[in-house]
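Student:
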Amino acid sequence: MWQLAKDIDGKNMDVNAQTFQTAVIQQSHEMPVLTDFWADWCSPCKMLMPILAGLAEEYAGKLALAKINTDQEQQLASQYGVRSLPTVKLFKNGEVVDEFMGALPESAVRAFIEKHLDRPADNEIAAAMELATTGDRTQAATLLKQALLDDPGYEKISIALAQIQLEMGSLDDARNTLNSLSDKVRFEQPVKTLVARLELAESGNISDDKNELESAVQIDARNLTAREKLGSLYFAEGNIAAAMDQWLEIVRLGTGDSKEAGRKNLLRTFEVLGPANPDVNLYRRRLAQILN
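Heads up, the sequence shown is in my numbering, so the first residue is 83 and it goes up one at a time.
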C-alpha cells in the first residue's frame, strides 16, 4: 500500500479541513507530502490518480500522498489558490514548494517528485559547501566530482560544482559544468545567476587583487576603474550586494560612458536576480534616487 497522508488516528484516508494540519503540514516536516486536489467529475483527475498512487508506493517512506476532494473541501482549495483540476502541490517543512496542474505523464510526475527527495549526494553537497566557506575550495570540488561519479544524473551536484569552480577562478571548468546541465535546469534562477556571474568574469579582468582594489577605492572614491573591477570581482564571487554597491557609486560619481556602464550592470543584475528578490526593489529605488 502506498504511503498516504494520515489523519490524527493514523488511518489511511483522504484529507479534509480537520486533518489537514496534521496529515499535510506537520507530516511535511518529516517527508514531502504530495497533495492532490481533485474532484469526482474531473476525468483528468482520474487519469492522474493511479500515477500518483503508484509513485507514492514506489517512494514509500520518502514521500506521502494526500488527496483533497475540492467539492467537499472548497475552503482548502480556495486557501491554496486552486483554479483548475487536477492541481498537485508539494509541501515541505509546512510550505508549498512546487506544484503542477493537469494530468502529466508518469515520467513528468516522477521528475517533479525527484527534484524534492533527499538523496545521499545531498550530504556530500552540504559538506562541500561547508569546505568552500572555510576556504578549502579545491577539496570541495574534489568531493563534488566524486559525488557526480556516484550520481551522474543529479544536476544539483553540478550546480554546486560550477559555483565552486567559479569562486576558484576556474572559468573554463565552470563553463563546461554549466554547459552539461539540461535545458530545463539552465532556466532556473540559481543557474541563471551563475551564468551571469561567469559571463561577467569572462568579459572582465578579475585577476586583480581584491585587497588592492578595495584600498584603491578607499584612497580615491572616484577611481571608477577600480570600482568597476571590484564590482566584477564581487559579482564573480557571489557577493552580489557588494557588487551592486560599487555600480551604484559608479552611477553616482561617474559621467558619460562610465555612468552608463554602471547603470547597465545594475539592470543586468536585476534581470538575473528576478523581481521576487528583495534586493532588486531596494537597489532599483536607490538607482532611481541617484538618477532623479
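We put the CB at the ideal spot given by N, CA and C, even for glycine. The structure presented is a predicted model; accordingly, all values stated were derived computationally and were not measured.
Could you tell me the alpha carbon to alpha carbon distance between E177 and L147, rounded to whole angstroms?
Tutor: Straight-line Cα distance between these residues: approximately 15 Å.
Student: Below 8 Å, how does it come out for the stretch 98–105 and the stretch 162–177: are there three or more Cβ pairs, yes or no?
Tutor: Flag = no, the stretch 98–105 and the stretch 162–177 do not touch.
Student: Can you tell me the Cα-Cα spacing of Q371 and I322, whole angstroms?
Tutor: Using only the alpha carbons, I get a separation of about 20 Å.
Student: From the DSSP output, in three-state form, read off M250 for me.
Tutor: Note: M250 maps to helix in three-state DSSP.
Student: Starting from the Cα of M211, find the closest Cα among M250, R192, H198, P234 and give me that residue.
Tutor: Ranking M250, R192, H198, P234 by Cα distance to M211 puts M250 first.
Student: Secondary structure at N347, three-state DSSP: helix, strand or coil?
Tutor: Helix.
Student: Hey, how far is the Cα of W84 from the Cα of N175?
Tutor: Note that W84 has pLDDT 39, beneath the 50 cutoff, so the model's placement of it is unreliable and the number below is only indicative. Whole-angstrom Cα-Cα distance: 21 Å.
Student: Spatial neighbours of A325 within its chain, please: C-beta separation below 6 Å, excluding the five flanking residues on both sides.
Tutor: G313, Y316, F317.
Student: With burial defined as no fewer than 16 other Cβ atoms inside 10 Å of the residue's Cβ, what is the status of L134: buried or exposed?
Tutor: By the neighbour-count rule (16 or more Cβ atoms within 10 Å), L134 is buried.
Student: Does the ligand FAD have even one heavy atom less than 6 Å from the beta-carbon of L330?
Tutor: In the structure on display, the ligand FAD does not appear, and there are no ligands present to speak of.
Student: Quick one: grab the DSSP three-state call for W84.
Tutor: A caution first: W84 carries a pLDDT of 39, below 50, which makes its placement in the model unreliable, though a value can still be read off. It is coil, neither helix nor strand.
Student: On a CA-only basis, which of S110, Q154, V106 is nearest W123? Give me that one, please.
Tutor: W123 has its Cα closest to that of Q154, out of S110, Q154, V106.
Student: Where does E353 land, buried or exposed, given buried means 16+ other C-beta within 10 angstroms?
Tutor: By the neighbour-count rule (16 or more Cβ atoms within 10 Å), E353 is not buried but exposed.
Student: Tell me, please, whether the stretch 245–262 touches the stretch 273–280 by the rule of three or more beta-carbon pairs shorter than 8 Å.
Tutor: Touching, yes.
Student: For the stretch 270–346, list the alpha helix (DSSP H) runs that are entirely contained and at least 4 residues long, ordered along the chain.
Tutor: If we require 4 residues or more, the alpha helix (DSSP H) runs fully inside the stretch 270–346 come out as 271–285, 292–301, 306–319, 322–335.
Student: Is D118 helix, strand or coil when you go by DSSP?
Tutor: Looking at D118 - three-state DSSP - the assignment turns out to be strand.
Student: Measuring straight from C-alpha to C-alpha, what distance separates I107 and F173?
Tutor: Going by the C-alpha atoms only, they are around 7 Å apart.
Student: Which whole-angstrom value describes the C-beta separation of A105 and N151, a residue pair presumed to lie in contact below a C-beta threshold of 8 Å?
Tutor: About 14 Å separates the two Cβ atoms, so there is no contact after all.
Student: Determine the DSSP secondary structure at D89, reduced to helix, strand or coil.
Tutor: Interpretation of D89 is limited by its pLDDT of 40, a score under 50 that renders its predicted location unreliable; the figure taken from the coordinates is listed afterwards. Looking at D89 - three-state DSSP - the assignment turns out to be coil, as it is neither helix nor strand.
Student: Taking the alpha helix (DSSP H) that N98 falls in, what are its first and last residues?
Tutor: Premise fails: N98 is in no alpha helix (DSSP H) and is neither H nor E.
Student: What's the gap between the Cα of R402 and the Cα of T117?
Tutor: Examination of residue 402 is not possible in this model, given that the chain is present from 83 through 374 alone.
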